[in-house]
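Just so we're aligned, residue 102 is where the sequence shown starts under the working numbering, counting upward by one.
Glycine included, every Cβ here is placed at the ideal spot set by N, Cα and C.
Quantities reported herein were computed from a predicted structural model and do not represent experimental measurements.
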Amino acid sequence: MSDDMADESHLWQGVKRLIGNDRLQLGRHWSFNLRNDPKRLSFVLSRYKFAAKMIGQRSILELGCSEGIGTPILAESALRYVGVDSDDDAIATARYNFDSETCSFISADFLGQSFGKFDAVVSLDVCEHIMPEAEHTYFDSVVSSLGPEGIAVIGTPNETSDVYASPMSKAGHVNLFNHHRMRQTLEQLFHNVFMFGFNDEILHTGFEPMCHYVIAVACNPKGRR
């Protein structure tokens with residue numbers, strides 16, 4: 102080995118010591134995505150970054166947290182983070198990776214349940230999986246978990262993009278929204294609703310039907326229906 106290579110190897114060993122031995126464990130969901138559709142991870146993390154920027158330093162409840170892939174972004178500046186999901190395996194993965202003094206996870210069907218009052222509720226890629234007859238219960242669960250000045254960030258694939266969805270996605274998407282229906286639904290529950298969208302990692306500000314992903318920031322709940 103040349104002297105230059107030896108110097109570089111020595112420097113890298115020092116970097117590795119700074120990194121430490123911490124490791125994450127992917128669950129079935131994100132193991133599949135990373136192997137078969139790796140770009141999706143960047144899309145999802147971009148949505149979480151947007152949510153975190155909208156919320157700021159507050160207590161956060163995430164409804165439908167899955168394996169907690171967005172937890173580090175949401176929890177980075179959160180006063181407290183609680184993630185809830187009905188998938189026991191996903192929650193076990195989230196606890197293994199991210200459980201801490203300020204982050205906790207609950208395995209539960211959150212529809213119709215209350216987990217306390219939070220400054221913010223995040224729920225991404227969830228409402229499209231909620232049966233239409235349970236839709237009102239889902240949104241009531243969001244509102245009932247918020248304080249009077251609470252913020253909700255809700256994201257879902259745009260109904261207009263369903264024609265391009267994979268067969269696997271279509272099999273699980275039973276309740277699709279577009280910008281108009283999402284705004285109309287949330288305006289019944291919140292005093293202020295701001296609509297955004299994403300195409301891949303990019304915040305979309307153009308013609309709404311051409312947006313792949315709908316994301317709403319709703320503030321100041323009116324109360325439960």
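(message) Suppose you measure from the CA of T257 to the CA of F278; what does that come to, to the nearest Å?
(response) 7 Å
(request) Take G273 as the anchor and find which of E229, K140 and R129 has the nearest alpha-carbon. (result) E229
(message) Tell me the rounded alpha-carbon separation between S167 and S201.
(response) 17 Å
(message) Buried or exposed, going by whether 16 or more other CB atoms sit within 10 Å of the CB of G213?
(response) exposed
(message) Distance check for I303 and C260, CA to CA, integer angstroms please.
(response) The question names Cys, but residue 260 in the sequence shown is Glu. Their backbone Cα atoms lie some 18 Å apart in a straight line.
(message) Quick check: the region 156-171 against the region 185-193, are at least 3 beta-carbon pairs closer than 8 Å?
(response) yes
(request) For F231, count neighbouring Cβ atoms within 10 angstroms of its own Cβ and tell me buried if that reaches 16, exposed if not. (result) The identity of residue 231 in the sequence shown is Ile, whereas the question assumes Phe. Under this definition I231 is a buried residue.
(request) Can you say whether A283 is buried or exposed, counting buried as having 16 or more other CB atoms within 10 angstroms of its CB? (result) In the sequence on display, residue 283 carries Met and not Ala. M283 comes out buried.
(message) I'd like to know whether the C-beta atoms of S160 and D210 end up nearer to each other than 8 Å.
(response) no
(message) Can you give me the C-alpha to C-alpha distance between V223 and G171, rounded to a whole angstrom?
(response) 10 Å
(request) Quick one: using the 10 Å Cβ neighbour count with 16 as the cut-off for buried, is N198 buried or exposed? (result) buried
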